[in-house]
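Residue numbers (this note's numbering), protein chains in the order written: chain A, 475 to 863; chain B, 1229 to 1444. All C-beta atoms in this analysis are idealised placements derived from N, C-alpha and C, irrespective of residue type, glycine included. Here the structure comes first, spelled out in structure tokens, and everything after it is commentary.
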């Protein structure tokens, strides 16, 4: 039987306060920033085995293992754990809820210390760099200077890319999965419709829904349903649902839940309401829309720092299709960054990055195993971190 | 056309690359230390790993076989998965010192385009090919059978090699594409370096490795 990570706990820490406010890339300040995070495994004496997990749009700090009362393990439990590709017997893994989120880290639903009310739309607009600033502050708090690797899928992969470009000296390795360095018009279009659904919901009240005792539930769940369609391939939906009728006993067609796929989407939309905030959805999707890191950062600095990258896409992903990953690879490779790229065959579309697909997991394992080996070679030969890379 | 042939005696000594497979050792021998190398059809990255570890080279491999690519990544070689026939446009002009195409050309759909891309990507190319003109191939054809040998071990219906050529055909083709042969290493049927006289090269060689330069 596969060994388990055991019970885990979500921690929370205040990383920025009035004395040390967070200055955002856009120039605005946040007077209080709390971050929720989890860690798995043990930090080595040399502090050279830390891996940071960047989560996707609706993820959270609970990447692996079981918390008390959990009905399912963390969202990337297939990848992280003893003997798994991110092997917690050898690695110290950190995952934090990102800034602007709603699962324990400060976001637009948090209380604005200046007013005592939730920020709402007064929360400043964020950029990808802000997520990385807060991740780095958490590492400093944990006493970790360098990362063996940063790993992320989708929006998580975009954070890893931002981190790689802005602070390559902190990353020995970067794993960027099913991500993009520049959203297409179609990508932005989908995000825009999701946001419209939320903002046009009468219960949105210009973002002051908490004060009004409401929640733009219809808008948020529609945004989620729409997004969910983009996370699966047509093939995957056909395999999962086909044209199956939800309730064969029901008489005739109507405008309810006739097909199984409708039931699934409605369920996804409804359960999302219990764990996600509409404002976070607006803020985080907007960050993705504007993300264009190669316009700001010269990847040659990454080559100089010696950071190595693994970029992975999935052949049926149409949310961030392989061409998005190839663009990242092209930019890095032309700057002479050591970069590996794989397009993994999978029927599951964008969602594949969360699933246990052997070829994908073995690729990550190969890359991370080699990364670990490289640090051991460095320690053994007493060289500097850059010496043997 | 005269072709400068490297014989074993004139090489810098194969001992530099002793633990590489024969033909890879020949290829490695043609690559200067510190070069930036693009290896098309790199397999598990044996050549690049060797050049990076021992000869200060840097580089990228290209392959499509999932198992081989994973092994290459595990060994620390950077590999980009793409289709050599369709996607060499991903690499910039003159972005490498040398591009290696070892035992791949005969399996490409459009050899002329692949070679044109290689010549765009680097000033020098190394191409290793099996020789269809080998006497034993000719003998098998005379007896009415499709050629097979250690260098070309596939049945006609099961071979990835769709563009076979003799060394004479190939050299004519390369010249037409604007390549100058800077060096040619002949291999026997077992893949060992052989010092055949030029007049017999096309009859006796199992394979050959070419170092090519753009004709300016």
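Problem set entry | CB contact below 8 Å: residue 1249 of chain B versus chain A | no
Exercise. Is it true that the region 698–705 of chain A meets the region 822–831 of chain A, where meeting means three or more beta-carbon pairs spaced less than 8 Å apart?
Worked result: yes
For this session: Helix, strand or coil for residue 759 of chain A, going by three-state DSSP, please let me know.
Result: helix
Exercise. With respect to the alpha helix (DSSP H) encompassing residue 611 of chain A, which residues constitute its N-terminal and C-terminal limits?
Worked result: 602–616
For this session: Sort A:607, A:654, A:678 and A:672 by Cα distance to residue 644 of chain A and report the nearest one.
Result: A:607
Exercise. Do residue 693 of chain A and residue 599 of chain A come within 8 Å of each other at the CB atom, strictly closer than that value?
Worked result: no
Exercise. What residues in its chain sit with their C-beta under 7 Å from that of residue 777 of chain A, if we drop five residues either side in the sequence?
Worked result: 809, 810 and 811
For this session: Would you mind telling me which residues of chain B sit closer than 7 Å to residue 840 of chain A, beta carbon to beta carbon, in chain order?
Result: 1298, 1301 and 1302
Exercise. Hey, how far is the Cα of residue 1391 of chain B from the Cα of residue 1336 of chain B?
Worked result: 7 Å
Exercise. For chain A, is any of its Cβ atoms less than 8 Å away from the one on residue 1308 of chain B?
Worked result: yes
For this session: Could you give the DSSP three-state label for residue 540 of chain A: helix, strand or coil?
Result: strand
Exercise. For a contact meaning CB atoms closer than 9 Å, what does residue 1372 of chain B contact in chain A?
Worked result: The contacting residues do not exist; residue 1372 of chain B stays about 41 Å from chain A at best.
For this session: Could you spell out the range, first to last residue, of the beta strand (DSSP E) harbouring residue 511 of chain A?
Result: 507–514
For this session: Indicate the three-state DSSP secondary structure (helix, strand or coil) for residue 787 of chain A in the structure shown.
Result: strand
Problem set entry | Inside the region 1341–1421 of chain B only - beta strand (DSSP E) runs reaching at least 3 residues | 1352–1358 and 1407–1415
Exercise. Leaving out the 5 sequence neighbours to the left and right, which residues in its chain are closer than 7 Å to residue 744 of chain A when beta-carbon positions are compared?
Worked result: 695
Problem set entry | Alpha carbon of residue 623 of chain A to alpha carbon of residue 748 of chain A, nearest angstrom | 32 Å
Problem set entry | Per-residue DSSP class, three states only, for residue 1235 of chain B | Annotation note: pLDDT 49 at residue 1235 of chain B (below 50); position unreliable, coordinate value reported separately. In this structure, residue 1235 of chain B counts as coil in the three-state DSSP scheme.
For this session: List the residues of chain A that residue 1294 of chain B touches, going by C-beta distances under 7 Å, in chain order.
Result: 833
Exercise. Alpha carbon to alpha carbon, how far is residue 1363 of chain B from residue 1274 of chain B?
Worked result: 31 Å
Exercise. Around the C-beta of residue 729 of chain A, are 16 or more other C-beta atoms found within 10 angstroms, so that it is buried, or is it exposed?
Worked result: exposed
For this session: Only counting runs of 4 or more residues, tell me where the alpha helix (DSSP H) segments fall wholly within the region 674–700 of chain A, in order along the chain.
Result: none
Exercise. If we call anything under 8 Å between Cβ atoms a contact, is residue 904 of chain A one with residue 542 of chain A?
Worked result: The shown model of chain A, from 475 to 863, leaves out residue 904 of chain A, and the question about it has no answer.
Problem set entry | Pick from A:796, A:790, A:786 and A:757 that is closest to residue 583 of chain A, judged by C-alpha positions | A:757
For this session: Inspect the beta-carbon positions of residue 1405 of chain B and residue 1319 of chain B and report whether they are closer than 8 Å.
Result: no
Exercise. When you compare only the Cα positions, how much space is there between residue 1396 of chain B and residue 1437 of chain B?
Worked result: 13 Å
For this session: Counting only the same chain and skipping the five closest in sequence on each side, list residues whose C-beta sits under 8 Å from that of residue 1313 of chain B.
Result: 1336, 1337, 1338, 1341 and 1342
Exercise. Chain B beta carbons: is any one of them nearer than 8 Å to that of residue 848 of chain A?
Worked result: yes
Exercise. Taking C-alpha atoms, which residue in A:799, A:506, A:587 and A:533 lies nearest to residue 571 of chain A?
Worked result: A:533
For this session: Label residue 834 of chain A either buried or exposed according to how many other C-beta atoms from any shown protein chain fall within 10 Å of its C-beta, with 16 as the threshold for buried.
Result: buried
For this session: For the region 1311–1322 of chain B, enumerate the residues whose C-beta is nearer than 9 Å to any C-beta of chain A, in chain order.
Result: 1315, 1318, 1319 and 1320
Problem set entry | Distance between beta carbons of residue 1271 of chain B and residue 1291 of chain B, contact taken as under 8 Å | 6 Å
For this session: For residue 849 of chain A, count neighbouring Cβ atoms within 10 angstroms of its own Cβ and tell me buried if that reaches 16, exposed if not.
Result: buried
For this session: Return no unless some Cβ of chain A is closer than 8 Å to the Cβ of residue 1288 of chain B.
Result: yes
Problem set entry | Residue environment, residue 1374 of chain B, which counts as buried when at least 16 other CB atoms sit within 10 Å | exposed
Problem set entry | Residue from B:1260, B:1353, B:1331 and B:1301 with nearest C-alpha to residue 837 of chain A | B:1301
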